[in-house]
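Engineer: Per numbering that gives the first Met the number 0, the very first residue in the sequence shown carries number 0; after that it's consecutive.
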Amino acid sequence: MTKVISSIFLAIGLIVGGFFPGYYYYQAKINNNSVTVKGLSEMNVRADTAIWKLKFVITGNELAAAQKKITAQAESIYEFLQKQGFKDDEIKVGRIETNDLMANPYRSNDVNNSRFILSQTITVKTGNVDLVEKSLPETDELISKGIIFDSNSYGDPVSYIFTRLNEIKPQMLEQATKNAKEAAYEFAKSSDSKVGKIRRANQGVFSILPREQVSGSYEAQQIDKTVRVVSTIEFWLE
């Protein structure tokens, strides 16, 4: 009786031992039966926000006179922006920055140099990007009045920004997935397979690029931009 029971357990052990290696081998073959492809999606967009910084500078030997002059220039610029059509809540006047060259240990000894350098920045933040583009050449009117804009400031005076990326993400991901599936179909056609469901997917990183990609340009300089995403998708093959 003991021998019979031992034989039964041995048989069960052999069956189980044979089943599980076969099962996992089968699963491994299925898991490898897939294809990974990339899908590109691009969309042309237009900036919806502009930030325009007008930084102007004056020099002088008398601080009170220099301050009075820069205050008058700030008023002229404010009036100019209003005349162009910008609203009051779109215009922000920054504080006056003062640089006393006599306090600089590395100052020049040239007596003809002005002692004080005063600067101020007026910032326009608006959704009317076309009005900004139109008004930029009109600043010649301010230059003719003796207003000197600081051309040594870092970066361009205007940044054009696209803020509605989340609104277009679903549409772009749908297009990227469609393009990836078409690539998977081409692969499956050459291997006599059929494309199944998605095994795993990586949506990729969204990039906002300048529409005109010329040397030295970056996207904040241009109103018109291109949004791009490359998604990586793995499909089952049947």
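Heads up, the beta-carbon is just placed ideally off N, CA and C, and yes, glycines get one too.
Computed from a predicted model, the values in this text were never measured in an experiment.
Residue 156: buried (16+ other C-beta within 10 angstroms of its C-beta) or exposed?
Structural biologist: In the sequence shown, residue 156 corresponds to position 157, counting from 1. Residue 156 is buried by the Cβ-count criterion.
Engineer: Which residue comes first and which comes last in the beta strand (DSSP E) that contains residue 115?
Structural biologist: Here residue 115 refers to the residue found at position 116 of the sequence shown. Its beta strand (DSSP E) spans residues 115-125.
Engineer: Report yes if the CB atom of residue 83 is closer than 9 Å to the CB atom of residue 159, and no otherwise.
Structural biologist: The residue labelled residue 83 in the question sits at position 84 within the sequence shown. The residue labelled residue 159 in the question sits at position 160 within the sequence shown. The answer is no: Cβ separation not under 9 Å.
Engineer: Quick check on DSSP: helix, strand or coil for residue 238?
Structural biologist: For the chain, the structure presents residues 0 to 237; residue 238 sits outside this window and is missing.
Engineer: Can you pull the DSSP bridge partners for residue 45?
Structural biologist: By one-based count along the sequence shown, residue 45 stands at place 46. According to DSSP, which records beta bridges pairwise, residue 45 is partnered with 223.
Engineer: With a Cβ-Cβ cutoff of 9 Å, do residue 180 and residue 92 count as a contact?
Structural biologist: Position 181 of the sequence shown holds residue 180. Position 93 of the sequence shown holds residue 92. No, Cβ-Cβ distance for residue 180 and residue 92 is not below 9 Å.
Engineer: So what does residue 159 bridge to, in DSSP terms?
Structural biologist: Along the sequence shown, read from residue 1 onward, the residue named residue 159 stands at position 160. DSSP output for residue 159 lists 49 as bridge partner(s).
Engineer: Given a cut-off of 9 Å, decide if residue 175 and residue 38 are closer than it, judged by their beta-carbon atoms.
Structural biologist: Numbered from 1 along the sequence shown, position 39 holds the residue referred to as residue 38. Numbered from 1 along the sequence shown, position 176 holds the residue referred to as residue 175. A contact, by the Cβ cut-off of 9 Å.
Engineer: One question on the structure: do residue 96 and residue 75 come within less than 9 Å of each other, judged by their Cβ atoms?
Structural biologist: Position 97 of the sequence shown, counted from the start, is the residue given in the question as residue 96. Position 76 of the sequence shown, counted from the start, is the residue given in the question as residue 75. No; because the gap between Cβ atoms is not below 9 Å, this pair is not in contact.
Engineer: Quick one: what's got a C-beta closer than 6 Å to residue 133's C-beta in the same chain, skipping five residues either side?
Structural biologist: As a position in the sequence shown, residue 133 is number 134, starting the count at 1. No residues qualify anywhere along the chain.
Engineer: Taking all protein chains shown into account, do 16 or more other C-beta atoms lie within 10 angstroms of the C-beta of residue 204, making it buried, or fewer, making it exposed?
Structural biologist: In the sequence shown, counting from the first residue as 1, residue 204 sits at position 205. Exposed.
Engineer: In the DSSP assignment, what are the bridge partners of residue 208?
Structural biologist: Taking the sequence shown and counting its residues from 1, one reaches residue 208 at position 209. Beta-bridge pairing links residue 208 to 225.
Engineer: On the DSSP letters alone, give me the boundaries of the beta strand (DSSP E) that residue 191 sits inside.
Structural biologist: Start at 1 with the first residue of the sequence shown, and residue 191 comes out as number 192. Where residue 191 is concerned, there is no enclosing beta strand (DSSP E), given that its DSSP letter is neither H nor E.
Engineer: By how many angstroms is the C-alpha of residue 149 removed from the C-alpha of residue 55?
Structural biologist: If you number the sequence shown from 1, residue 55 lands on position 56. If you number the sequence shown from 1, residue 149 lands on position 150. Answer to the nearest angstrom: the Cα atoms are 5 Å apart.
Engineer: Examine the Cβ distances between the region 198-218 and the region 59-70 and report whether three or more of them are shorter than 8 Å.
Structural biologist: They do not touch, by the three-pair rule.
Engineer: Considering residue 213, what are the terminal residues of the beta strand (DSSP E) in which it resides?
Structural biologist: As a working mapping, residue 213 is identified with position 214 in the sequence shown. Run containing residue 213: none; DSSP gives neither H nor E here.
Engineer: Could you check whether the region 120-134 touches the region 182-196, counting it as contact only if at least three pairs of C-beta atoms, one from each stretch, sit closer than 8 Å?
Structural biologist: With a cut-off of 8 Å, the region 182-196 and the region 120-134 do not count as touching, because too few Cβ pairs lie within range.
Engineer: Using only the alpha-carbon positions, how far apart do residue 229 and residue 165 sit?
Structural biologist: Along the sequence shown, one-based indexing puts residue 229 at 230. Along the sequence shown, one-based indexing puts residue 165 at 166. Looking at the two C-alpha atoms, the distance is approximately 16 Å.
Engineer: Do residue 192 and residue 237 have their beta-carbon atoms positioned less than 9 Å apart in this structure?
Structural biologist: Against the sequence shown, residue 237 aligns to sequence position 238. Against the sequence shown, residue 192 aligns to sequence position 193. Taking 9 Å as the Cβ cut-off, residue 237 and residue 192 qualify as a contacting pair.
Engineer: Taking the CB atoms as reference points, tell me whether residue 47 and residue 145 lie closer together than 9 Å.
Structural biologist: By 1-based counting over the sequence shown, the position of residue 47 is 48. By 1-based counting over the sequence shown, the position of residue 145 is 146. Taking 9 Å as the Cβ cut-off, residue 47 and residue 145 do not qualify as a contacting pair.
Engineer: With the cut-off set at 9 Å, would you say residue 57 and residue 116 are in Cβ contact?
Structural biologist: Here the question's residue 57 lines up with position 58 in the sequence shown. Here the question's residue 116 lines up with position 117 in the sequence shown. Cβ atoms of residue 57 and residue 116: closer than 9 Å.
Engineer: With DSSP as the reference, please indicate the residues paired to residue 148 in a beta bridge.
Structural biologist: Numbered from 1 along the sequence shown, position 149 holds the residue referred to as residue 148. DSSP, once it has assigned bridges, lists 55 as partnering residue 148.
Engineer: Less than 8 Å between C-beta atoms, sequence neighbours within five positions excluded: which residues of the same chain meet that for residue 50?
Structural biologist: Counted from its first residue, the sequence shown places residue 50 at position 51. Excluding residues within five positions, the ones whose Cβ falls inside 8 Å are 122, 123, 124, 157, 158, 160.
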